[in-house]
Amino acid sequence: MNKQLIAIIVFGMLLLFIISPFSALAGLMVILLSAAIYNLVINLFKALIGESKADAK
8 MNKQLIAIIV FGMLLLFIIS PFSALAGLMV ILLSAAIYNL VINLFKALIG
58 ESKADAK
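Just so we're on the same page, the working numbering is the position in the sequence shown counted from 1, plus 7.
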């Protein structure tokens, strides 16, 4: 569950970087944002499903 919380916090920070007025690398940040959205959705899906390392054995 900690991985999902960290992903949500990082996603929020990426949104702040894109919105910031000093975003000189906006194109790169859009690519990074799309990767972060994908990662966030996958992590949230895993958290909702309840995947754990004990279940994988």
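Think of the CB as a built atom: it goes at the ideal place given N, C-alpha and C, for glycine as much as any other residue.
Computed from a predicted structure; not experimentally measured.
Check, Outcome
"Same chain, Cβ closer than 8 angstroms to K53, five either side skipped, listed in chain order", "Q11"
"L51 vs L22 beta-carbon contact at 9 angstroms", "no"
"C-alpha distance - I25 paired with A42, whole-angstrom precision", "14 angstroms"
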